[in-house]
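Residue numbers (the numbering used here): 337 to 471.
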């Protein structure tokens with residue numbers, strides 16, 4: 337889905353990186369990095385390397401943002417999901433392990449014992465190793 341830019345341009349107009357990042361809430365350096373990671377994301381480049389995004393590019397960027405930031409996919413998993421339509425990168429294997437998400441979003445209490453924290457970190461390490469072995 338292409339967001340409404342509300343700038344008076346035609347819906348199928350080319351957009352600059354600044355326009356796209358402002359409307360989608362993504363930083364420019366992140367978008368440039370995604371261009372490296374997602375071969376299907378290739379904006380029109382004009383003289384001086386200036387990028388212009390087509391409506392289909394903007395829809396793809398919005399989909400990548402949804403997969404990575406809302407669905408919990410890794411960049412690799414999101415790329416595989418988009419390349420195959422969902423095939424090889426099933427939702428389970430493409431997502432960040434639940435323990436990592438849990439730890440990154442949880443607020444650590446100040447009363448947690450160091451031994452408890454270390455035990456939890458070892459569990460997370462094992463889950464990450466297991467996720468890497470599946471790839």
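Even for Gly, the Cβ is constructed at its ideal location relative to N, Cα and C.
A quick note: this is a predicted structure, and the numbers were derived from the prediction, not measured.
If you check the beta carbons only, do residue i and residue j fall under 7 Å apart?
{"i": "residue 341", "j": "residue 359", "result": "yes"}
{"i": "residue 356", "j": "residue 394", "result": "yes"}
{"i": "residue 414", "j": "residue 403", "result": "yes"}
{"i": "residue 387", "j": "residue 362", "result": "no"}
Per the DSSP calculation, residue i is bridged to which residue(s)?
{"i": "residue 352", "result": "388"}
{"i": "residue 380", "result": "388"}
How would you write the range of the alpha helix (DSSP H) that residue i sits in, first residue to last?
{"i": "residue 417", "result": "411-420"}
{"i": "residue 450", "result": "450-470"}
Report the CB separation of residue i from residue j in whole angstroms; it is logged as a contact under 8 Å.
{"i": "residue 371", "j": "residue 378", "result": "7 Å"}
{"i": "residue 398", "j": "residue 339", "result": "7 Å"}
{"i": "residue 380", "j": "residue 390", "result": "7 Å"}
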